[in-house]
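*Asks:*
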Amino acid sequence: MPSLKLPLWRSVEEHAGSAGLDPTGPSPEFAAPVQPVTMDRRSFVQLLGAASALAASAGCFKPPDDKVLPYTRQPEEVMPGNPLHYASASVLGGYATGLLVTAHEGRPTKVEGNPEHPSSMGASGVLEQGMLLQLYDPHRLGFVMNRRTARSWHDYLGSMLEKARELREKRGAGLRFLLEPSSSPMIARLRERLLDLYPLAKFSTWSAIPLQQINDGAQLALGAPYETRLDFSKAQVIASIDDDFLSSLPGTLPGMRAFAERRAPGESQNRLYSVETSVSVTGMTADHRLRARPSQVVSVALALAARLVPQFASLAPQKLSADQSKFVDALARDLKRAGSQSVVLVGPRQPPLVHGLVHAINAALGSAAVSYAKPVLHDLDAGPRALRTLTEEIRAGAVDTLVITAWNPAYGAPEDLNFGTALSSVPTSVYRSLFDDETAARAGWVLPATHTLETWGDARAHDGTITFQQPLISPLFNGITEIETLAAFLGEGDRSAYSQLRELYKDRADDQLWEKWLSDGFIKDSATPAEKVAVRFDAIAALAARPAAVASVGYELNVIPDYKLWDGRFANDAWLLELPCPVTKLSWENAALLSPATARELGAVQGDLIDIGLHGPPAHAPVLILPGHADGAVSVAMGWGRKGSGEQLAENVGFDTATLRHSDAPWFAAGATLTPVGRTHPLALTQQHHVMEGRALAVFTTAALFKKEPQLLEKQRGIPATAHEPHDYSHGYKWGMAIDLSRCTGCTACSIACQAENNIPVVGKDNVRKNREMHWLRIDRYFTGDDLENPGFVTQPVACVHCEMAPCEYVCPVNATVHSDEGLNEMVYNRCVGTRYCSNNCPYKVRRFNFFAYNNDYSDTEKMVFNPNVTVRARGVMEKCTYCVQRIERVRIRSSVEERPMRKGELVTACQQACPTQAIVFGDLNDPASLVSEWSRDERRYDLLYELGTRPRTAYLARIRNENPELA
Amino acid sequence: MPALFKPGSNTAFRVTLFAFGFLAVGGGIAGPMIYVRSPFYTQIGDPIDQPVQFDHRHHVGDEGIDCRYCHWSVEKSSQAGVPQISLCLNCHSQIWNKSPKLAPIREAFFADRPIIWNKVNKLPHFVYFNHSIHVAKGVGCVTCHGRIDLMPAVHKAQPLSMAWCLECHRAPERFLRPREEVTNMTYEVPEGHTQLEVGLALKAKYHVVSRVNCTTCHR
Numbered sequence: 001m002p003s004l005k006l007p008l009w010r011s012v013e014e015h016a017g018s019a020g021l022d023p024t025g026p027s028p029e030f031a032a033p034v035q036p037v038t039m040d041r042r043s044f045v046q047l048l049g050a051a052s053a054l055a056a057s058a059g060c061f062k063p064p065d066d067k068v069l070p071y072t073r074q075p076e077e078v079m080p081g082n083p084l085h086y087a088s089a090s091v092l093g094g095y096a097t098g099l100l101v102t103a104h105e106g107r108p109t110k111v112e113g114n115p116e117h118p119s120s121m122g123a124s125g126v127l128e129q130g131m132l133l134q135l136y137d138p139h140r141l142g143f144v145m146n147r148r149t150a151r152s153w154h155d156y157l158g159s160m161l162e163k164a165r166e167l168r169e170k171r172g173a174g175l176r177f178l179l180e181p182s183s184s185p186m187i188a189r190l191r192e193r194l195l196d197l198y199p200l201a202k203f204s205t206w207s208a209i210p211l212q213q214i215n216d217g218a219q220l221a222l223g224a225p226y227e228t229r230l231d232f233s234k235a236q237v238i239a240s241i242d243d244d245f246l247s248s249l250p251g252t253l254p255g256m257r258a259f260a261e262r263r264a265p266g267e268s269q270n271r272l273y274s275v276e277t278s279v280s281v282t283g284m285t286a287d288h289r290l291r292a293r294p295s296q297v298v299s300v301a302l303a304l305a306a307r308l309v310p311q312f313a314s315l316a317p318q319k320l321s322a323d324q325s326k327f328v329d330a331l332a333r334d335l336k337r338a339g340s341q342s343v344v345l346v347g348p349r350q351p352p353l354v355h356g357l358v359h360a361i362n363a364a365l366g367s368a369a370v371s372y373a374k375p376v377l378h379d380l381d382a383g384p385r386a387l388r389t390l391t392e393e394i395r396a397g398a399v400d401t402l403v404i405t406a407w408n409p410a411y412g413a414p415e416d417l418n419f420g421t422a423l424s425s426v427p428t429s430v431y432r433s434l435f436d437d438e439t440a441a442r443a444g445w446v447l448p449a450t451h452t453l454e455t456w457g458d459a460r461a462h463d464g465t466i467t468f469q470q471p472l473i474s475p476l477f478n479g480i481t482e483i484e485t486l487a488a489f490l491g492e493g494d495r496s497a498y499s500q501l502r503e504l505y506k507d508r509a510d511d512q513l514w515e516k517w518l519s520d521g522f523i524k525d526s527a528t529p530a531e532k533v534a535v536r537f538d539a540i541a542a543l544a545a546r547p548a549a550v551a552s553v554g555y556e557l558n559v560i561p562d563y564k565l566w567d568g569r570f571a572n573d574a575w576l577l578e579l580p581c582p583v584t585k586l587s588w589e590n591a592a593l594l595s596p597a598t599a600r601e602l603g604a605v606q607g608d609l610i611d612i613g614l615h616g617p618p619a620h621a622p623v624l625i626l627p628g629h630a631d632g633a634v635s636v637a638m639g640w641g642r643k644g645s646g647e648q649l650a651e652n653v654g655f656d657t658a659t660l661r662h663s664d665a666p667w668f669a670a671g672a673t674l675t676p677v678g679r680t681h682p683l684a685l686t687q688q689h690h691v692m693e694g695r696a697l698a699v700f701t702t703a704a705l706f707k708k709e710p711q712l713l714e715k716q717r718g719i720p721a722t723a724h725e726p727h728d729y730s731h732g733y734k735w736g737m738a739i740d741l742s743r744c745t746g747c748t749a750c751s752i753a754c755q756a757e758n759n760i761p762v763v764g765k766d767n768v769r770k771n772r773e774m775h776w777l778r779i780d781r782y783f784t785g786d787d788l789e790n791p792g793f794v795t796q797p798v799a800c801v802h803c804e805m806a807p808c809e810y811v812c813p814v815n816a817t818v819h820s821d822e823g824l825n826e827m828v829y830n831r832c833v834g835t836r837y838c839s840n841n842c843p844y845k846v847r848r849f850n851f852f853a854y855n856n857d858y859s860d861t862e863k864m865v866f867n868p869n870v871t872v873r874a875r876g877v878m879e880k881c882t883y884c885v886q887r888i889e890r891v892r893i894r895s896s897v898e899e900r901p902m903r904k905g906e907l908v909t910a911c912q913q914a915c916p917t918q919a920i921v922f923g924d925l926n927d928p929a930s931l932v933s934e935w936s937r938d939e940r941r942y943d944l945l946y947e948l949g950t951r952p953r954t955a956y957l958a959r960i961r962n963e964n965p966e967l968a
Numbered sequence: 001m002p003a004l005f006k007p008g009s010n011t012a013f014r015v016t017l018f019a020f021g022f023l024a025v026g027g028g029i030a031g032p033m034i035y036v037r038s039p040f041y042t043q044i045g046d047p048i049d050q051p052v053q054f055d056h057r058h059h060v061g062d063e064g065i066d067c068r069y070c071h072w073s074v075e076k077s078s079q080a081g082v083p084q085i086s087l088c089l090n091c092h093s094q095i096w097n098k099s100p101k102l103a104p105i106r107e108a109f110f111a112d113r114p115i116i117w118n119k120v121n122k123l124p125h126f127v128y129f130n131h132s133i134h135v136a137k138g139v140g141c142v143t144c145h146g147r148i149d150l151m152p153a154v155h156k157a158q159p160l161s162m163a164w165c166l167e168c169h170r171a172p173e174r175f176l177r178p179r180e181e182v183t184n185m186t187y188e189v190p191e192g193h194t195q196l197e198v199g200l201a202l203k204a205k206y207h208v209v210s211r212v213n214c215t216t217c218h219r
């Protein structure tokens, strides 16, 4: 079997054959051996007595007292013990994602996607899941501040009353608003009303992840800032130019689903090409990947345009390497062959020229997947350019009152703008924020913001669908909504956000319809229509013909939004901080990503600190060697190195990229210097943890090979010979799971959904370094192939596979892990004494041990995040995936009480629910019609570590890459 | 002087010494095991003081109010529920509405502040018990909670230990009753039948699959 022999490796060390794993040495997971203490007889007896006395007093004489607090007046719908689900939405980058939030007796405990919402389709991303912990963060700002002293909302309104009168007399001169990107009809209405009252006031939009290039690219190519809509169900060949559309970041969920639907091998299997500098989730999934420095990415786009767009044929040929030329030629031919069934994507960070070229290519190909629509965002021109205009006005003294609802511009703004200093000089500044952050330190008035789950509001989804945000809980920290903040300047500071919102939709909906909208979470069929747009080839060609000044000295810098913190707003979220990065498997910080060759050139090894110098003071960054990264470039994730006083977890974790970003070049820059400083920094990398010792784990092959030999995996599945009497599972339910590696992109949404559902603790950086992270569901990321510099990738989610012949069960001395008659490998926390034999004997390395009482020091608000249906584990207890047994039992009980069989789709595990590509299915293997049975019969199915005879209940479906024969 | 102790005393002394040692070690192990099973620990029969002297004897016994009037979520939720205060006032806004004994109820209602009741039937936090499924399968209130209609102050009637739970989960036919008799405090097996006959018939009728896997109750 050729595919199974391809080398699989996890890190540079493993590739070199020295995995850093000494089989004879102790694992860092275990504590250092304790030196025996010498003790005389007297002290021994004293300690013995003290220990017995303590043991006796700790043993309970009576069970602890419990109290019951019933409601005084029962809220409608609330039935203690039964959770409620409300439709709401998260808004990131201005676009809404529909959510369905579970609340237990009024406290939200789980965020899931709204199955009917077009932007979520039931899935949710990493950030939406992480949001929940942020709601309960005890570090949130809880009061109004003026010049850093605590005040009240009414103090603020009182002082603003005078100010507003003054501003009205000046017709709003000197009044500026700096808003978060928004598509909300409510905010649009408020903006109109504010402009009526203050005609000279100005609005600008700031986001550290700017939309400016999309805007400029559309202006260039289409003459107006149209938004591109993509329908991957109509795309056979997809080429992504630095577009990370498979990463479960805001707005990617529907695209991921549609992409995955065409991922199964067969005639309709799509083929994905990716051109990028660093390795992205999309790059890991791609069938063919070209690594290129940022400047070369532009060259590749130009070369591709020259081959595909007749009008650009006369463009000067690009200087490409032989590999690049081969890639571009093959890609161009493949795109042409697929014609309207092909599409080229462009990442939002790319310069306007590349956006223009891609618009032209798609028009030339006649791509059916692309359509254009009027933008749903109020300001597409959000980014450093808008902020620079504002900063210049402040410096010129033209700004008297500045109201900021955008997230933390003092942190995210490029260094050259020096926005923080400018902000300090504004006579009256108001900043609305969840935390006492960098901007709050410089603003006059600081208002505590409501969390997404505490807010009334509206926003449009990526396709324009009007979506409502409905609060799940009243503000825990006296938060104020963006609507109320703006309405205060209309003299309506004491009106609730809800009454504003209701009034806006009064003409369109009576109470009954309004209630329906709220319970659906959105207005059906309110998407904005697609429009016919002509692409202006001449304008693009004119810009393309102008030679770009490319400085080829030094290294090229590539700044990327973080997979977990995004622009940095989730920097105080422990779930997200600890979650290993999907690509690098680095937790608790960011690093300078270098290719192995570039690291060699610098003489740097993993963990060496280097100085990245560009414009201002250098950034100190630890080196992380990433096979597959482009040579001569360095990638850094933004959002780290926070310095606000309120966010204690985020403080000084990782390094800040602001000094590296210039307002003219916020993403890419040439001429960076990299200087090793001669010190090292320990990295919390999980890529070498829980190693299953080089067997055929993540199986993958190519579509061509698989077609030739569909029996490839026959020897990797089925029931192996056994001396044991097999148990009969043919009656009742037989739970099983199947995971399709072809669909999995490795985005890690499942991992964090599992954490939220199962009360999984966070252990901290030091413990992660000791292999003690607690994630029940880990995503293994393997490099494939022999080439250290340019490997392939395969990702594999691994949780407990619930072996029918479970090795863990044989070795437990206290029967704490046993089998259920439905095939679940159960973990009984109360029996567990912590010998960890089970974990030693588990070939899949999926058991997690509570080395410390991780759940003990939760604050009162943080405790509210716990799922009441899952035990909060104590120290010294082993734990692992339960197949979400609390969900099984809930559905079993509900269906049994109602005397009916379980409904299709009623029982989903947390990971399955979150997965944006639906790579995970769970269900009854005794039901031949269930999806999990269907997948288990698939010819791509194999059992993980089949040869051990454990008979796992989780089946894997091999990843099939759809290679282009020209590039194979 | 003759010897005070006969030679046999040595043996008696050794036996006694050994017996004391055996008792100490054995008692050390068996003692706590006996203790946790005794009413001292299980609190069976201990009336629990409550902030308001609610008398089930009067409400259930004399007035014949159905259990589910107050514990209204018992058929739909894991919890039977302690009634909201407004429910008390459904009647007590009309009758006994000036009674000093009910002053805490009225105060709590008008101040919108909960009454803090003391829990009687306590389960450890790693046990997930669901009322709705038990009621649906014909387990009577009285089976676990005892003759509430005879309790001036409610006390625990059963040990609620795991062994006690398993008694029924391993052989539910010994305890099942028709669904319509679930809240009946004085239900008895119809004349001429035995509990086992009735129980087995109901077990089949209600599709009772009483599970004894760990995750049935511990998650």
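Chains as they are written, first to last, in the numbering used here: chain U, 1 to 968; chain Y, 1 to 219.
Heads up, the beta-carbon is just placed ideally off N, CA and C, and yes, glycines get one too.
For Y:R219, would you say it is in contact with chain U, using Cβ-to-Cβ distances shorter than 8 Å as the test?
*Replies:* As a first step, residue 219 of chain Y must be located in the second sequence, where it is residue number 219. Yes, because at least one Cβ of chain U sits closer than 8 Å to the Cβ of Y:R219.
*Asks:* Excluding the 5 residues flanking U:T450 on each side, which residues of the same chain have their C-beta closer than 7 Å to its C-beta?
*Replies:* Taking the first sequence and counting its residues from 1, the one referred to as residue 450 of chain U is at position 450. P475, G479, I480 and T481.
*Asks:* Exposed or buried, which one is U:D458 when buried takes at least 16 other CB atoms within 10 Å?
*Replies:* The residue you call residue 458 of chain U lines up with position 458 of the first sequence. Buried: at least 16 other Cβ atoms inside 10 Å.
*Asks:* Just the chain U side, please: which residues come within less than 7 Å of Y:I29 by C-beta, in chain order?
*Replies:* Counted from its first residue, the second sequence places residue 29 of chain Y at position 29. Those within 7 Å of Y:I29 in chain U number zero; the least Cβ separation is about 13 Å.
*Asks:* How big is the Cα-Cα spacing for U:A422 and U:S433?
*Replies:* As a position in the first sequence, residue 422 of chain U is number 422, starting the count at 1. As a position in the first sequence, residue 433 of chain U is number 433, starting the count at 1. If you draw a straight line from the Cα of U:A422 to the Cα of U:S433, it comes to about 18 Å.
*Asks:* When the Cα atoms are used, what is the spatial distance from U:K5 to U:L713?
*Replies:* Start at 1 with the first residue of the first sequence, and residue 5 of chain U comes out as number 5. Start at 1 with the first residue of the first sequence, and residue 713 of chain U comes out as number 713. A caution first: U:K5 carries a pLDDT of 46, below 50, which makes its placement in the model unreliable, though a value can still be read off. One C-alpha to the other measures close to 13 Å.
*Asks:* Could you give the first and the last residue of the continuous alpha helix (DSSP H) run that contains Y:N184?
*Replies:* Sequence index remark: in the second sequence, residue 184 of chain Y carries index 184 (1-based). Per DSSP, Y:N184 is not a residue of any alpha helix (DSSP H), being assigned neither H nor E.
*Asks:* Closest to U:S124 by C-alpha separation, out of U:T748, U:S152, U:S424 and U:P199, would be which residue?
*Replies:* On the first sequence, position 124 is the one that residue 124 of chain U refers to. Among U:T748, U:S152, U:S424 and U:P199, the Cα nearest to that of U:S124 belongs to U:T748.
*Asks:* If the cut is a Cβ gap below 9 Å, which residues of chain U does Y:D112 touch?
*Replies:* Position 112 of the second sequence, counted from the first residue, corresponds to residue 112 of chain Y. Among the residues of chain U, those whose CB is under 9 Å from the CB of Y:D112 are T72 and R73, following chain order.
*Asks:* Does U:S895 have its Cβ less than 8 Å from a Cβ in chain Y?
*Replies:* Reading the first sequence from its first residue, position 895 is the one you call residue 895 of chain U. With 8 Å as the cut-off, U:S895 does not count as an interface residue toward chain Y.
*Asks:* Between the alpha carbons of U:S3 and U:R961, how many angstroms are there, rounded?
*Replies:* As a working note, residue 3 of chain U is residue 3 in the first sequence. As a working note, residue 961 of chain U is residue 961 in the first sequence. The pLDDT assigned to U:S3 is 47, lower than 50, so where the model puts this residue is not dependable; a value taken from the coordinates is nonetheless given after this. Computed Cα separation, rounded: 11 Å.
*Asks:* Can you tell me which of the three DSSP states U:S433 falls into?
*Replies:* As a position in the first sequence, residue 433 of chain U is number 433, starting the count at 1. If DSSP states are grouped into helix, strand and coil, U:S433 belongs with the strands.
*Asks:* Between U:M284 and U:F793, which are expected to be in contact by the criterion C-beta below 8 Å, what is the C-beta distance as a whole number of angstroms?
*Replies:* Position 284 of the first sequence holds residue 284 of chain U. Position 793 of the first sequence holds residue 793 of chain U. Right, the Cβ-Cβ distance comes to about 4 Å (below 8 Å), so this counts as a contact.
*Asks:* Counting only beta-carbon atoms, is Y:I44 nearer than 8 Å to chain U?
*Replies:* Within the second sequence, the letter at position 44 stands for residue 44 of chain Y. Closer than 8 Å: no.
*Asks:* Run through DSSP, which three-state label would U:A669 get?
*Replies:* Numbered from 1 along the first sequence, position 669 holds the residue referred to as residue 669 of chain U. Looking at U:A669 - three-state DSSP - the assignment turns out to be strand.
*Asks:* In chain U, which residues lie with their C-beta within 7 Å of the C-beta of Y:P83?
*Replies:* Position 83 of the second sequence, counting from 1, holds the residue named residue 83 of chain Y. P70, listed in chain order.
*Asks:* Out of U:R229, U:E76, U:I466 and U:L504, which one is the CA nearest neighbour of U:T252?
*Replies:* Indexing the first sequence from 1 puts residue 252 of chain U at position 252. Cα-wise, what sits closest to U:T252 is U:R229.
*Asks:* Could you tell me whether the Cβ atoms of U:L609 and U:L683 are closer together than 8 Å?
*Replies:* Looking up residue 609 of chain U in the first sequence gives position 609. Looking up residue 683 of chain U in the first sequence gives position 683. Contact flag unset, no.
*Asks:* Starting from U:K202, trace the beta strand (DSSP E) both ways and give me its first and last residue.
*Replies:* In the first sequence, counting from the first residue as 1, residue 202 of chain U sits at position 202. From DSSP, the beta strand (DSSP E) with U:K202 extends over K202 to T205.
*Asks:* Let me check one thing: in DSSP terms, what residues is U:H85 bridge-paired to?
*Replies:* Mapped onto the first sequence, residue 85 of chain U falls at position 85. Partner(s): U:T102.
*Asks:* Once you ignore the five residues that flank U:M1 on each side, which residues in its own chain have a CB closer than 6 Å to its CB?
*Replies:* Against the first sequence, residue 1 of chain U aligns to sequence position 1. Note that U:M1 has pLDDT 39, beneath the 50 cutoff, so the model's placement of it is unreliable and the number below is only indicative. L712, listed in sequence order.
*Asks:* Among residues of its own chain, excluding the 5 on either side of U:T680, which ones have a beta-carbon nearer than 7 Å to its beta-carbon?
*Replies:* Mapped onto the first sequence, residue 680 of chain U falls at position 680. Once the five neighbours on either side are set aside, the close Cβ partners of U:T680 are G607, D608 and L609.
*Asks:* Which ranges does the beta strand (DSSP E) cover as unbroken runs of at least 3 residues, wholly within the region 139-204 of chain U, from first to last along the chain?
*Replies:* 144-146, 149-151 and 175-179
*Asks:* Going by DSSP, what residues sit across from U:M774 in a beta bridge?
*Replies:* One-based indexing of the first sequence puts residue 774 of chain U at position 774. Paired residue(s): none; U:M774 is not in a bridge.
*Asks:* Output the boundary residues of the alpha helix (DSSP H) element that contains Y:P39.
*Replies:* Here residue 39 of chain Y corresponds to residue number 39 of the second sequence, with the count starting at 1. It spans P39 to T42 - the alpha helix (DSSP H) in which Y:P39 sits, taken as one unbroken run.
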